[in-house]
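Residues are numbered in my numbering as their position in the sequence shown, beginning at 1, plus a constant of 55. Just so it is clear, CB atoms sit at the ideal spot from N, CA and C, and this is done for glycine as well. Since the model is a prediction, treat every value here as computed from it, not as a measurement. Contents: one structure, followed by commentary.
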Amino acid sequence: LPVDSFIVPDTFDFSATHQIKLYYKLPTICHSYGGIYFDRYLNERTFAIQSLVINENSCLPFDENEDNLREVSLDFKVINTDTYLFKFYKGKDEEGNNIFEEVEVPVNSD
56 LPVDSFIVPD
66 TFDFSATHQI
76 KLYYKLPTIC
86 HSYGGIYFDR
96 YLNERTFAIQ
106 SLVINENSCL
116 PFDENEDNLR
126 EVSLDFKVIN
136 TDTYLFKFYK
146 GKDEEGNNIF
156 EEVEVPVNSD
């Protein structure tokens, strides 16, 4: 599932652990939170929300007026002094390609 919004620190401290918050919405009442998708390559980190789905005929979408925004957080251990690139999955474009919002977070190594 797409990451609706997120909170990351402006900077990281080397060898410290920092909290990252992810906000998401479930598409139907048959969806539930299933974890955080996480991929890493060098100093690049990719995040998305995993969901579990119960296959039923009555899987109605959440009402647009209903407060469906959910929050999950994770602890991120800074193990490198280079700037980190975070890529948050935002969904797909008209051609079916994945869309990501990218944020760079520099590391203080003092």
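In the three-state reduction of the DSSP assignment, Leu-56 falls in the coil class.
Under the DSSP assignment, Ala-71 falls outside any beta strand (DSSP E); it carries neither an H nor an E label. Rounded to whole angstroms, Phe-69 and Phe-143 show a C-alpha spacing of 22 Å. A Cβ-Cβ contact shorter than 8 Å links Leu-56 with Ser-106. The bridge partners DSSP lists for Lys-132 are Thr-72.
Counting only the Cα atoms, Glu-119 lies some 31 Å from Arg-100.
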